[in-house]
Structures are given as C-alpha cells and as structure tokens.
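*Asks:* Going down the list, the protein sequences come from chains X and W.
Take 1 as the starting number for the first sequence in my numbering and just add one per residue.
Take 1001 as the starting number for the second sequence in my numbering and just add one per residue.
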Amino acid sequence: MSHMNTPDPADSEQIPRELRRALTNDAVWVDPPAELHNNALAALQAARAASAPASIMPNESKPAVGTLASNSRYVGWSVSAAAVLAVVGGLIWTLLVDVPDSSLALTGTDLASAASAQVEITEKASGFEVVLDIDDLASAEDGSYYQAWFKDADGVLVTIGTFHARESGQDIVLWSGVDPAEYDVLTVTLQRVGGGAKSSGEVLLSGRLNP
Amino acid sequence: MPGDQPRPLDHTPSVSPTLLADFVRGDDQAFEHVVRLFSGVMYAAAYAVLGRRELAAEAVQQAFVAAWKASDTFDSQRELTPWLCTITRRCAIDVWRTERRHLDEQRDDYSLEGVTLTGASFEEVWEAWQVRDAVDRLPPDEREVMRLHHAGGYSHSQIAQVIGVPIGTVKSRTSRAHGRLRESLAHLWVGADEPSPRTGSGAQ
Chain X
1 MSHMNTPDPA
11 DSEQIPRELR
21 RALTNDAVWV
31 DPPAELHNNA
41 LAALQAARAA
51 SAPASIMPNE
61 SKPAVGTLAS
71 NSRYVGWSVS
81 AAAVLAVVGG
91 LIWTLLVDVP
101 DSSLALTGTD
111 LASAASAQVE
121 ITEKASGFEV
131 VLDIDDLASA
141 EDGSYYQAWF
151 KDADGVLVTI
161 GTFHARESGQ
171 DIVLWSGVDP
181 AEYDVLTVTL
191 QRVGGGAKSS
201 GEVLLSGRLN
211 P
Chain W
1001 MPGDQPRPLD
1011 HTPSVSPTLL
1021 ADFVRGDDQA
1031 FEHVVRLFSG
1041 VMYAAAYAVL
1051 GRRELAAEAV
1061 QQAFVAAWKA
1071 SDTFDSQREL
1081 TPWLCTITRR
1091 CAIDVWRTER
1101 RHLDEQRDDY
1111 SLEGVTLTGA
1121 SFEEVWEAWQ
1131 VRDAVDRLPP
1141 DEREVMRLHH
1151 AGGYSHSQIA
1161 QVIGVPIGTV
1171 KSRTSRAHGR
1181 LRESLAHLWV
1191 GADEPSPRTG
1201 SGAQ
C-alpha cells in the first residue's frame, strides 16, 4: 500500500497508544495468498496419505475420503492378525508393483498450443513428488497464476499446487496427497488471483498417466 | 450519547463444541472448517514472525499439518486459538531455520537480508493474531478506512478523496471502528494508556 504521508495525529488520538501501534503492524493487514486455503488442504491430504495405517484399512482406496487424524489411530482397531497380514502384504505388493516412479507428457491445449511439459512422479514419505519441466509456457501475468490438478475417472479434481513460472528453466516441484494411479489425468489451469478456489476451467496443459 | 456507541464486535465463538470435538477426533470436515476459519489469522501470525509472504504461507501449511498430527492430544476444554497460535509461531521459526540453512548452503557470501527472524515473542504474535482477527470482523467499510489510515498512512481528508465519501463519513467510520477495536481488544493492554479525552466522541 502506498504511503502518502504520516497520519494527522489528531486522527488517531482517540485510541490508546498500544492499539494505534498494533494497527500499524504489517501482519494485521497483509493479505494471505489466494491459494493458501487450497494449499493448506493439499498439505493435509499429503500428510494423511503419508500416514501408513490409513492405507491398510479395507475400503479405503481413495485417500481423499475419511477422517484425517483418526486414520493414524486405526492401529488399535480389532482386526484379526491374519487379515492384517494379508492386507499389509497386499499393500507392499501394491507399492512395489503398481506405484513405481512414473512419468508422463503434457501437451498444450488451444489456449497454449506451443506449450508442453514432461512430468516425473516419485513417491516419497510425505506424498507423491510431481516435478514439471515445462517448455514454452509464458510466465503467469500479475493477477494470475497457474494451478496443477490431478483428476480421477469420475472427474474429481484434486489440486497439487500453484505456481507462476516467472523464473524460466526452473523445474516446478509440486506435491500430491492422492495416488496418481487413481487420479491419472494431470492438468494445468490458468487461475485469477481472487477468482476462488475452484478450477477456472481454462486448461493450458493436459496429459494422462499410462494413456 | 449511548446511541452513538458502536456495537461491539461479534464475539460468538467461531469454534463450536461440536466442531472442536470433531477436530479432536480428526474429522475431515472439521479440519477443513478450521482451515477456513484460521488460515487468515495464522498467516498474520506467521508473517509477524517471518516478515515474508511466501515463507509465511509455507509456515501456515506446516502448522496445519502439525495441528492435525497433534489434534488427538488437544484438550478440548481449552481454547483452540492460542494452541494454533503457538503451533504457527513454532512452525514459522522452523521455516526460518530451514530457509537460513538453505541459504547457508547456497551462498559463500550470503546475507540473510529479507530472511531475518523478527524475533517476535509469543505475546507479540498473539497480539498480531487478535488484532488481525478483530480487524477482520469489522464491517467492510470501516475496515477499509482503518486499512487506509493505519497501514497506508492516509489522513481523513485523503481517505475521503480516495473512497469518494464526505470527510464526516470517514471520521464517523473511523470513530466507530476505533470504538469496536478498543472494546474488543481492551484485554490485551490492561493498564495501558487511556485515550485522550479530547476526541472521545463519535462523529467529529
């Protein structure tokens, strides 16, 4: 905010000095980034996905459903040892066979036909690391930003982060709390600051894992 | 006149007992509600520590994850906000340490300009949290006047020009906003100086 001059002291004399001082604290007025809410939820999803006990529960194929903290408390549930062993064995098999490091290519849509990207996905302890190496996509203009999404077969979108690509040549590192094996379509949209948390629908890049 | 007194800010608790119980239980929707309710003030608290927007945002994300991990240890008889504030400050300091370590590794002649910890104590961060919360609860027209006046340094006459209203309106909004803030935040500065009696009335 521009600083035109020092306020007229008479304007502020009706309030205690401490309050006047507190109101000049930048922290009181700084606006959170538009994507903060979404990114916080994405971070929670990633943390939950990394919570191993949640994955051994039956009927929990989609990490986006269920409770957050309670997932880490399932250990105490009364499950027979044989069932646990069977499910854990299945989990290990799944991790080894179904979710290897993977890659995919994104192609530009009509909105960014020259753009393309190579994407590498690596499962880490805190979630899936998604690295975008983007070519020929202009940096997001002021007031806008890019947002990446995973989409499942039902069309459910889960954001994996936002970026502006204002430093060329830099890989974009994003994180997913959902399994790309299920959410196998990756898109990048153009978003407007203040435009809300939902996808704008303006897809610039799109690609499918294992097409 | 009593009729000129501004209405106090809404102090209806933002976190109902049901929500708090669901939060402790680790319910998804309760967490989403908490994120929606507190991301703004947590961002203010993190910014009070770090003084940088992008680091503050990172700290808030980490704070929510930390809160989730610790939610089952939270005593639901206590207030949620100081607990979240404590976590936010701790995560902000962790983010600062990580950033400093990163710069240490990258630069030989590094300077930590712009990555300096403000050294904000818990009391200072808590003050920023509560003032931010109180300001966010102001009616939008009063909040805008407060922002221009206290953050922008605009005088009443300048604010009148900027937002296109008579100066008397600016003064009355200022007075009402100050009244609400003074009342809702009085507990923060018990024993602090009293306002000047010269300008204690409403519209000037």
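Built from N, CA and C at the ideal position, the CB exists for glycine as well.
Using beta carbons (cut-off 8 Å, strictly below), is Gln1161(W) in contact with chain X?
*Replies:* Within the second sequence, numbered from 1, the residue matching residue 1161(W) stands at position 161. Judged by the 8 Å Cβ criterion, Gln1161(W) is not in contact with chain X.
*Asks:* Does the beta carbon of Ala27(X) sit closer than 8 Å to a beta carbon anywhere in chain W?
*Replies:* Position 27 of the first sequence, counted from the start, is the residue given in the question as residue 27(X). Interface residue, yes.
*Asks:* Using a beta-carbon distance below 8 Å, is Ser1172(W) in contact with chain X?
*Replies:* Taking the second sequence and counting its residues from 1, the one referred to as residue 1172(W) is at position 172. For Ser1172(W), the answer is no, since every Cβ of chain X falls outside 8 Å of its Cβ.
*Asks:* Mark Gly196(X) as exposed unless 16 or more other C-beta atoms lie within 10 angstroms of its C-beta, in which case mark it buried.
*Replies:* Locating residue 196(X) in the first sequence gives position 196, counting from the first residue. Per the 10 Å Cβ criterion, exposed.
*Asks:* State the Cα-Cα distance for the pair Glu1127(W) and Leu1185(W), rounded to the nearest angstrom.
*Replies:* In the second sequence, the residue the question calls residue 1127(W) occupies position 127. In the second sequence, the residue the question calls residue 1185(W) occupies position 185. Approximately 9 Å, taken between the alpha carbons.
*Asks:* Tell me, please, whether the CB atom of Gly1040(W) is closer than 8 Å to any CB atom in chain X?
*Replies:* Numbered from its first residue, the second sequence carries residue 1040(W) at position 40. By this cut-off, Gly1040(W) is an interface position.
*Asks:* List, from N- to C-terminal side, the alpha helix (DSSP H) runs of 4 residues or more that fit wholly inside the segment 1053-1090 of chain W.
*Replies:* 1053-1070, all fully within the segment 1053-1090 of chain W.
*Asks:* Determine, for Thr24(X), whether the minimum Cβ-Cβ distance to residues of chain W falls below 8 Å.
*Replies:* Within the first sequence, the letter at position 24 stands for residue 24(X). At least one chain W Cβ lies under 8 Å of Thr24(X).
*Asks:* Cβ closer than 7 Å: which chain X residues qualify as neighbours of Leu1185(W)?
*Replies:* Here residue 1185(W) refers to the residue found at position 185 when the second sequence is read from its first residue. The answer, in chain order, is Leu19.
*Asks:* Specify the secondary structure class of Asp135(X) as computed by DSSP and reduced to three states.
*Replies:* As a first step, residue 135(X) must be located in the first sequence, where it is residue number 135. Three-state DSSP puts Asp135(X) in a strand.
*Asks:* For Val130(X) and Asn210(X), I'd like the C-alpha separation in whole angstroms.
*Replies:* By 1-based counting over the first sequence, the position of residue 130(X) is 130. By 1-based counting over the first sequence, the position of residue 210(X) is 210. Whole-angstrom Cα-Cα distance: 15 Å.
*Asks:* In the DSSP assignment, what residue or residues form a beta bridge with Tyr1043(W)?
*Replies:* Along the second sequence, one-based indexing puts residue 1043(W) at 43. Note: Tyr1043(W) sits in no beta bridge, so no partner.
*Asks:* Can you list the residues of chain W that His164(X) reaches, using a CB-CB cut of under 7 Å?
*Replies:* Taking the first residue of the first sequence as 1, we reach residue 164(X) at position 164. Result: empty, since nearest Cβ-Cβ is about 11 Å, beyond 7 Å.
*Asks:* Check whether the Cβ of Arg1090(W) lies closer than 8 Å to any Cβ atom in chain X.
*Replies:* Taking the first residue of the second sequence as position 1, residue 1090(W) is located at position 90. It does not; no Cβ of chain X falls within 8 Å.
*Asks:* Ignore the nearest five residues each way along the sequence and tell me which others in Glu1142(W)'s own chain have a CB closer than 7 Å to its CB.
*Replies:* Counting from 1 along the second sequence, the entry for residue 1142(W) is found at position 142. Result list for Glu1142(W): Arg1173, Arg1176, Ala1177, in chain order.
*Asks:* DSSP state of Ile15(X), grouped into three classes?
*Replies:* Working through the first sequence from its first residue, we reach residue 15(X) at position 15. Ile15(X): coil per DSSP, three-state reduction.
*Asks:* Label His1156(W) either buried or exposed according to how many other C-beta atoms from any shown protein chain fall within 10 Å of its C-beta, with 16 as the threshold for buried.
*Replies:* The residue given as residue 1156(W) occupies position 156 in the second sequence. With 16 or more other Cβ atoms within 10 Å, it is buried.
*Asks:* Exposed or buried, which one is Pro1166(W) when buried takes at least 16 other CB atoms within 10 Å?
*Replies:* For the purposes of this step, residue 1166(W) is identified with residue 166 of the second sequence, where counting begins at 1. Result: exposed.
*Asks:* Does the ligand MN have a heavy atom nearer than 7 Å to the CB of Gly143(X)?
*Replies:* Looking at this structure, you won't find the ligand MN or any other ligand, since it has none at all.
*Asks:* Between Ala46(X) and Gly1152(W), what straight-line distance do the alpha-carbon atoms span, to the nearest angstrom?
*Replies:* Taking the first sequence and counting its residues from 1, the one referred to as residue 46(X) is at position 46. Taking the second sequence and counting its residues from 1, the one referred to as residue 1152(W) is at position 152. Computed Cα separation, rounded: 39 Å.
*Asks:* Can you check whether the C-beta of Leu157(X) is within less than 8 Å of a C-beta belonging to chain W?
*Replies:* Along the first sequence, one-based indexing puts residue 157(X) at 157. Cβ-Cβ to chain W under 8 Å: no for Leu157(X).
*Asks:* Let's see if you can read the secondary structure: which residues bound the alpha helix (DSSP H) around Ser1175(W)?
*Replies:* Along the second sequence, read from residue 1 onward, the residue named residue 1175(W) stands at position 175. Membership of Ser1175(W) in the alpha helix (DSSP H) is indicated by the continuous run 1167-1184.
*Asks:* Tell me, please, whether the segment 1085-1097 of chain W touches the segment 1064-1074 of chain W by the rule of three or more beta-carbon pairs shorter than 8 Å.
*Replies:* yes
*Asks:* Can you check whether the C-beta of Val30(X) is within less than 8 Å of a C-beta belonging to chain W?
*Replies:* Position 30 of the first sequence holds residue 30(X). The beta carbon of Val30(X) sits closer than 8 Å to some beta carbon of chain W.
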